[in-house]
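Take a look at the structure set out below.
In our numbering, the protein residues as written are 5 to 723.
Listed below in structure tokens is the structure:
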């Protein structure tokens, strides 16, 4: 076997002048747009309305060929001056900048790095520049694959490559393959389609001609069972029939989505939103880590669900801009964006909220000497996460960006966990109806955290801390009359032996039904001199000998105290809960952590709350379909139906499940009902043609098949 594992997809970025980069933003949606607007080998630009200079033509036809939307291309071609074109290009890159306003644009940088790599690696032997090839298109669009298998000299097989992607783009399946092969054994490596090509096109032996079963046997003997399976489906979770070699159209939907990723509705809508924001605010300066403090606190609610509460705090009262209005009031406008990524730096979801308020002069007098703060919450299950925070002050046209690595601890059997220790300024009873949704609210009490995660106090002040103790749920009778021992030890690391220790006891009867307990302590700093301190909190169960630990840092300085914060709450938390958005986000986290059974539970809850939630619907259909649980797919469809924006892969899997359950007429009905909103998606027409053939309507099947093939760019079959 001549399989090679390549891990050298990095490119010669150092040798590239004006390196630039690629990143994608949308949620998962797979939609086959009509007449693949620009096929990779001849990205038709016959629509030019103005004669373009070479630099502009190269930018349009090469640099951004795979990432520009059709609307943007049409708009660019209508421009009549070089000045307008330069401005368009500047805006094009800026609206795709992961950190708008920043002088560094990693999106732009990597685009050019990938183009250079494609030209260097994929042009040889292809007869065209590397970026024009199928491998070039894939590399520029998706970046380097996580794995690559190369088969150059396998017996009875044409040369081929298999690339594997995981989490490449939220608009694509979580896991998939892309296969390339040399047709007839020479020339460039082209996309392989299980439906259009089939396994027999990969085999060289005459016995494989028009015999998929023979071809599969040859592939299995020469390259292994994994390659034989990939030849039937590029989707690892799609059930395949290796006996007959019959394939579905789902792999073709994937390939056409890759070819036309920029024009998928969710991507196009995201660009339109970014462009609208750009037009509303002409510029935005991004400052890394300046003027912004972040306080985070892992918590469990009354149902035992974990989350991460956070507070973004500016450093100075003057850091927030207030605009004076005509009626004497004052207003501010801010935006908070939090990108939640896995420990492997794969985007899980983005939380973005805008807040615009108007206040009276009287209110301004109250808060003018306080620092602005924003409190929010993220529905994170146990695991490790990378968080990117960006706070934008639209009045000042400035943004503050910073990152945090956080961990929500998992609870082992019979263990005790102290997830964090939070210093706080004040506390008040929370509205019971909202207690599980409000940031920094635990045990029915809403706390206001101190301005910084490492607060500064004056000598003689009191340090107030609150924390949760997590343990497995237990019978309340087991806790009767039993206690936990707690030790608070704080001192200066630079002065060994200076630690002050305070002991306490906690009644275990305070644990709630889910195994959570809220407690805290007020610690006097009368005897502490100036310096940097560490507080260690140790909770011990004398019965089981298990212990939990929590720490925090603080400073004692003889000087002015930090300004108090005035905090606003994340808008729309209750609405997000009612619509299932929080459940969807929790499900996405579990999915990213590889805990698919847990993920399904939360996607199902999200879909029950909002039948239009296509993200949850798609993940559930994927999960059930991959297990060949067609009854569950049909049940889900009966409960929640589909929408005009449901992606093609999900629609095909629902239709296939109905057909597998013996309801071909319903499969036809489902696909017919969505054709008006998916009228340019050839795969749906071809699937309908198959079902009409099964139903005995050959005339209708022929019409649909011809329409589907014309949309896919296939030549009609001659009689």
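Note that CB positions come from ideal geometry on N, CA and C, so glycine has one too.
All of these numbers come straight from a predicted model, not from anything done at the bench.
By the criterion of a C-beta distance shorter than 8 Å, residue 223 is surrounded in its chain by 161, 203, 206, 207, 231, 232, 235, once the five residues flanking it on both sides are discounted. Here the alpha carbon of residue 157 sits roughly 18 Å from the alpha carbon of residue 128.
Bridge pairing for residue 164: 155, 185 [DSSP]. Under the three-pair Cβ rule at 8 Å, the segment 460-469 does not count as touching the segment 498-514. Excluding its 5 nearest sequence neighbours in each direction, residue 341 has C-beta neighbours in its own chain below 6 Å: 356, 394, listed in chain order. Under a 10 Å Cβ-count criterion, residue 248 is classified as exposed, with fewer than 16 other Cβ atoms of the shown protein chains found around its own Cβ. Annotation: residue 630 is outside any beta strand (DSSP E); the continuous alpha helix (DSSP H) that includes it extends over 618-630. Pairing residue 471 with residue 139, the inter-Cα distance amounts to about 53 Å. Membership of residue 305 in any beta strand (DSSP E) is not indicated, and neither H nor E is assigned to it by DSSP. Just so you know, the alpha carbons of residue 173 and residue 408 end up roughly 23 Å apart. Burial check for residue 490: the Cβ neighbour count within 10 Å reaches 16 or more, so the residue is buried. Apart from sequence neighbours up to five positions away, the residues of its chain that approach residue 57 with a beta-carbon distance below 8 Å are 86, ordered along the chain. Distance between residue 241 and residue 657, taken at the CA atoms: about 11 Å. The continuous alpha helix (DSSP H) containing residue 257 extends over residues 254-263.
Exclusion of the five residues before and after residue 420 leaves 473, 475, 543, 545, 550, 551, 552 as the residues of its chain whose Cβ lies within less than 7 Å of its Cβ.
For residue 473, the uninterrupted beta strand (DSSP E) run begins and ends at 466-474, by DSSP. DSSP places residue 655 within a helical segment (H, G or I) once states are collapsed to three. Nearest to residue 103 by alpha-carbon distance, out of 278, 215, 239, 150, is 278.
Here the C-alpha atom of residue 532 lies approximately 6 Å from the C-alpha atom of residue 463. Taking the Cα positions, residue 184 is about 17 Å away from residue 219.
Taking a C-beta distance under 7 Å as the contact criterion, residue 445 and residue 559 do not qualify as a contact pair. Shortest Cα-Cα distance from residue 705 to any of 714, 685, 694 involves 694. Nearest C-alpha to residue 622 among 602, 597, 649: 649. DSSP, reduced to helix, strand and coil, places residue 398 outside both helices and strands of the structure shown, so it counts as coil. Secondary structure of residue 229 (DSSP, three-state): helix.
Taking every protein chain shown into account, the CB of residue 682 has 16 or more other CB atoms within 10 angstroms, so this residue is buried. Residue 663 sits in a helix when the DSSP states are folded into three classes. Beta-carbon to beta-carbon, residue 353 and residue 592 are separated by about 5 Å, close enough to satisfy the 8 Å threshold. Within the segment 54-109, the complete alpha helix (DSSP H) runs of at least 4 residues fall at 58-62, 74-81, 86-99.
Under the 10 Å beta carbon count, residue 112 is surrounded by 16 or more other beta carbons and is classified as buried. Within the segment 475-563, the beta strand (DSSP E) runs of at least 3 residues that lie entirely inside it are, in chain order, 487-495, 504-511, 520-528, 535-544, 551-560. Per DSSP, reduced to three states, the secondary structure at residue 368 is helical. Straight across, the Cα-Cα distance linking residue 435 with residue 448 is about 8 Å.
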